[in-house]
Amino acid sequence: MKEFIQFCNDNVGFLMTVLTTAYVIATGVVVWLTHKANALAARGTDMAVRLELDRSKPVVVVDFVPDIPFFRLRVRNTGLTTAYNIRFNIAPEPRISLGGDKAIPREKTEKGIHFITKGIASLAPGAELTSALGTLARIEEVHGALQFRGKITYNDHSSNEHSMPVDIDLHIYRDLLYSGRKGVHDVAKSLEDIHRVLNHLATGFSKPHVLTQDIDEYRQEEEKQIEEAKKALDAKVAEQSLGGDSENRAEVGTVPVAPQG
-9 MKEFIQFCND NVGFLMTVLT TAYVIATGVV VWLTHKANAL AARGTDMAVR LELDRSKPVV
51 VVDFVPDIPF FRLRVRNTGL TTAYNIRFNI APEPRISLGG DKAIPREKTE KGIHFITKGI
111 ASLAPGAELT SALGTLARIE EVHGALQFRG KITYNDHSSN EHSMPVDIDL HIYRDLLYSG
171 RKGVHDVAKS LEDIHRVLNH LATGFSKPHV LTQDIDEYRQ EEEKQIEEAK KALDAKVAEQ
231 SLGGDSENRA EVGTVPVAPQ G
């Protein structure tokens, strides 16, 4: 032990140099680790911000909604914020195609859709714009195809530009068998409506107005009321006419003669 103490006393300068070097190295390692930790924290914060912006950004989509035998063009904002300056670049450009065989009117007409050609200034979250297009046959006749491709570009509230691809193929709707009969879902909805009306009647929320009268008697009463109304109107007109004649006679009646004598 004495030898070690003596060695340290004899080489105190060397030991201080070694300790200082070790301290500098340790400090450098701490600084490097702190820098790495700050960089990772910054990357994590930046990732969280980007994820939040991506989650809350506007999302504008275009689709063709079948309402057999017709189709509708629909533009929706399914995002969480408002979309601005929406522009469409779709080929062929969708157009309204009306008329044709078995259609009312039969005269064929085609015209552009204003919000497709001019764009949309803004579209709120959950909002949508729709426009009728026509039947599948008329759409193919006017556009020369049933596949629409392109993209939509728009901006968010920070003026960042976004785009969504458009690839709609209407060939899948060809030769489909359509039935106008009600399905199980429609029957269930009708039953729910009937149940709601009956519940209102049972709770007194609404009262029915029931007409218990023969239809012929009801029509006779209506005709009688119409006849009485006509007679009353004719009598009123005649009374006004007689009143006017009396005034005229009073104006052009006999001239009063001054007493003589």
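The numbering of the sequence shown is our numbering, which starts it at -9 and goes up by one.
Just so you know, even glycine gets a beta-carbon here, dropped at the ideal spot from N, CA and C.
All values reported here derive from a predicted model rather than from experimental measurement.
- Spanning the alpha carbons of Asp157 and Thr17 requires a straight line of approximately 59 angstroms.
- Below 8 angstroms, too few C-beta pairs join the region 51 to 68 and the region 27 to 40 to call them touching: fewer than three.
- Closest option to Ala81, judged by alpha-carbon separation, among Gly124, Val132 and Gln137: Gln137.
- As the crow flies, the alpha-carbon of Gly90 is around 11 angstroms from that of Ile129.
- In the three-state scheme derived from DSSP, where H, G and I count as helix and E and B as strand, His147 is classed as coil.
- Contact between Ala122 and Phe60 is confirmed by a C-beta separation of about 6 angstroms, below the 8 angstroms threshold.
- Rounded to whole angstroms, the gap between the alpha carbons of Leu160 and Glu213 is 56 angstroms.
- No alpha helix (DSSP H) of 4 residues or more sits fully in the region 11 to 61.
- In chain order, Ser46, Lys47, Pro48, Val49, Val50 and Pro115 place their CB closer than 8 angstroms to the CB of Gly69, counting only its own chain and leaving out the 5 sequence neighbours on each side.
- Of the candidates Gln215, Ala219, Gln230 and Ala127, Ala127 places its Cα closest to the Cα of Asp165.
- Taken through DSSP and simplified to helix, strand or coil, Asn189 comes out as helix.
- When DSSP reads this structure, Leu63 sits in a beta bridge with Phe54 and Ser121.
- The Cβ neighbour count for Ala32, taken over all protein chains shown within 10 Å, is under 16; the residue is labelled exposed.
- If you check the CB distance, Glu100 and Val65 do not come in under 7 angstroms.
- A straight-line Cα-Cα distance of about 40 angstroms links Ser180 and Glu83.
- When only Cα atoms are considered, Ile86 and Asp146 end up about 29 angstroms apart.
- Listed as beta-bridge partners of Arg164 by DSSP are no residues whatsoever.
- At a Cβ-Cβ threshold of 7 angstroms, Tyr144 and Ile76 count as neighbours.
- Counted as a single uninterrupted DSSP element, the stretch harbouring Lys108 is not any beta strand (DSSP E) but the alpha helix (DSSP H) occupying residues His104 to Lys108.
- For Arg128, the enclosing alpha helix (DSSP H) covers residues Leu126 to His133.
- At a Cβ-Cβ threshold of 7 angstroms, Tyr74 and Ser112 count as neighbours.
- One thing to note: Lys141 has its Cβ no nearer than 7 angstroms to the Cβ of Asn67.
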